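In what follows, a structure is listed as structure tokens, so that the remarks can point back to it.
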Amino acid sequence: VIYKHEIISLRHYRNETEASAKHRVPLVIVPPLAVNMLIYDLFPTRSLIRYFLDQGFEVYLIDWGVPTRNQAKYN
């Protein structure tokens, strides 16, 4: 996690086995509010994030967290 504000966080993934990314532009995944961010990184063998890392991308993912009553009116 490289940034956090209230319940929202920004996660940064990079391939630890390669010195630098193959692509100059990173991928930023912004899931819908109703989707848990874990769907993009279920298991090491079933991971969209791992796939993009293996293709040479740096990946950023927004995690909306679990809203409370105080955040009910956010949109």
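For the sequence shown, the working numbering gives the first residue as 365, with consecutive numbering after it.
Just so it is clear, CB atoms sit at the ideal spot from N, CA and C, and this is done for glycine as well.
All figures in this text were calculated on a predicted structure; none of them were measured in a lab.
If you follow the alpha helix (DSSP H) that L402 is part of, which residue opens it and which one closes it? Premise fails: L402 is in no alpha helix (DSSP H) and is neither H nor E.
Excluding the five sequence neighbours on either side, which residues of its own chain have a C-beta within less than 7 Å of the C-beta of V392, listed in chain order? So the qualifying residues of the chain are Y424.
On the CB-based measure, 16 or more other CB atoms within 10 Å of its CB, does A421 come out buried or exposed? This sequence places Phe at residue 421; Ala is not what is there. The residue is buried, with at least 16 neighbouring Cβ atoms inside 10 Å.
Cβ of Q435 within 8 Å of Cβ of I371? Contact: yes.
Run through DSSP, which three-state label would Y507 get? The chain is shown only over 365 to 439; residue 507 falls outside these bounds and no answer can be derived.
By DSSP, does R433 sit in helix, in strand, or in coil? R433 sits in a helix when the DSSP states are folded into three classes.
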